[in-house]
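Just so you know, we're using my numbering here: the sequence shown kicks off at 14 and counts up by one. By construction, the Cβ of each residue, glycine as well, lies at the ideal position given by its N, Cα and C atoms. Keep in mind it's a predicted model, so treat the numbers as computed, not measured. All remarks here apply to the structure that follows.
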Amino acid sequence: MLIQANKAQSTSSIAKRIQAEQTQLWLKHGKKPEDIFTMLQLEKAGDTLFENPLFSAWINDEALARMIMAGYEAPSTANIAKRLESELQRDWLLAKQYPYDVVIMMNLDRTLDNVFENPLFRIWYNYGHYVTTMNLGSKWNPAAALTRIYGGSTNLADVLLAAEKVPSHPLAAQADVSRKGLFSVARKGIGSGRCKSLPLQGIH
């Protein structure tokens, strides 16, 4: 019924709202990724995943991103999650969404609290590198992006120092300029009660 409602212009917005509410209800009640994949028959969608009317139940990007990260945790849904993330990245790029736009969509700009524990952080991080890959000659710098997002080098220092303490965190594995240079400046700034502006360039 919702699929048919989606096809009709007069009822499409209502159908999408109901589908979004249904997705949130599934998440709230702890539905496993494989259960939702099965209910929406996403494993049968193949290359037409984003054309699947049932996929619009996931079209809230934040809810979709959370389910992608949850899907990676289960071997039975890891491949589907990978395909979903690839499709989402391509969809964002075609819509000319910059990594900074994705931060806003994911509500990652609201607070620094537990930002690294937020599964959406890795979705944003992966997309930044995807943009770099697809836009040859333009290199994305996550540290520069974080400076813009959190508004100041003092906050950036806190973020980088937290990342350094987690070896598995993507920021901890950055090139020397990020992992050594920025961390060094961050430490000096914190220790002296001040932190100089960091000269960073890159796609935001």
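Asked: In angstroms, rounded to a whole number, what distance separates the CA positions of W137 and Y143?; Found: 10 angstroms
Asked: Could you name the residues of the same chain whose beta carbon sits closer than 6 angstroms to that of V91, not counting the 5 residues immediately before and after it, in chain order?; Found: Residue 91 is actually Ala in this sequence, not Val. Cβ within range, chain order: Y85.
Asked: May I have the straight-line CA-CA distance separating Y163 from V116, to the nearest angstrom?; Found: 11 angstroms
Asked: Please confirm whether E75 and N120 have their CB atoms less than 8 angstroms apart.; Found: yes
Asked: With which residues is W137 paired in a DSSP beta bridge?; Found: In the DSSP output, where bridge partners are listed per residue, W137 has none listed.
Asked: Looking only at its chain, what residues have a beta carbon closer than 8 angstroms to the beta carbon of I81, apart from the 5 residues adjacent to it on each side?; Found: A94, L97, E98, L101, I136
Asked: Are K152 and T145 touching if we call contact CB-CB under 8 angstroms?; Found: yes
Asked: Thinking just about the alpha-carbon of each residue, which of A78, A108, P112, L107 is nearest to the one in N154?; Found: P112
Asked: Could you round the C-beta distance between R79 and L133 to whole angstroms and report it? I think they count as a contact, below 8 angstroms.; Found: 7 angstroms
Asked: Determine the extent of the alpha helix (DSSP H) in which N127 is found, giving its start and end residues.; Found: Segment: none, N127 is in no alpha helix (DSSP H) and carries neither H nor E.
Asked: Is it buried or exposed for A156, if we count other Cβ within 10 angstroms and need 16 for buried?; Found: buried
Asked: Taking a contact to mean a Cβ-Cβ separation below 8 angstroms, would you say M147 touches L106 in this structure?; Found: yes
Asked: Determine the extent of the alpha helix (DSSP H) in which T160 is found, giving its start and end residues.; Found: 155-163
Asked: Going along the chain, which residues of its own chain have a beta-carbon closer than 7 angstroms to the beta-carbon of D122, five neighbours each way excluded?; Found: V116, I162
Asked: Go ahead and pull the three-state DSSP assignment for G84.; Found: helix
Asked: Expressed to the nearest angstrom, what Euclidean distance is found between the alpha-carbon atoms of L77 and R103?; Found: 14 angstroms
Asked: Considering just the uninterrupted stretch of the alpha helix (DSSP H) at K95, what are its terminal residues?; Found: 91-107
Asked: Pull up the distance between the alpha-carbon of Q110 and that of M118, whole angstroms please.; Found: 10 angstroms
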